[in-house]
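Working notes, structure below.
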Amino acid sequence: MAVKHTSEIKLKVGLDENKIPEHITWTAQDGGITNEETKAVMLSVWDSKRKESLRIDLWTKEMPVDEMKIFFHQTLTAMADTFQRATNDDKMSDTMRDFCDYFAEKLELKRGN
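Right, here's the structure in full:
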């Protein structure tokens, strides 16, 4: 099957003198996003040759800890949903969601975060 279209997602990271992120923007033209500011990014890619995931986790100095907790909770919840769509494994997806509920409870996150 030939590629009919390519789509690009760009991240720009402004670093301080110690190479600590101070400013992050992202662009996804196909999604209507242009130089949108963000305080944190988690990116995972799969290396099928080595059978391992590779990650980039970045956050700015301005990312508050309370927002980081919410960001993690929402990311974990989205991963459970993605896992279910990718594998059709309802039992493990539900187990992951149970953990997300436990995570939110222990961090005292408000419902809906």
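Counting in my numbering, the final residue of the sequence shown is number 474, and the numbers go up one at a time with none missing.
Backbone N, C-alpha and C define an ideal beta-carbon position, used for all residues, glycine too.
- In this structure, L419 sits near V402, with a CB-CB distance shorter than 7 Å.
- Judged by their CB atoms, L372 and W387 are nearer to each other than the 7 Å cut-off.
- Ranked by Cα distance from I394, the options I370, E378, T456 and V374 are led by I370.
- Taking the Cα of K400 as reference, the smallest distance to any Cα among N449, C461 and I381 is reached at I381.
- Here F460 is exposed: its Cβ has fewer than 16 other Cβ atoms, across all protein chains shown, within 10 Å.
- Of the candidates E398, L415, R458 and E466, E466 places its Cα closest to the Cα of K430.
- K422 and L468 have their C-alpha atoms roughly 21 Å apart.
- Contact annotation: L470 and H434 have beta-carbon atoms nearer than 7 Å.
- Taking each of R416, E398, S368 and N379 in turn and checking the Cα distance to I385, the smallest one comes out for E398.
- Contact between M457 and A441 holds, since their C-beta atoms are separated by about 4 Å, short of 8 Å.
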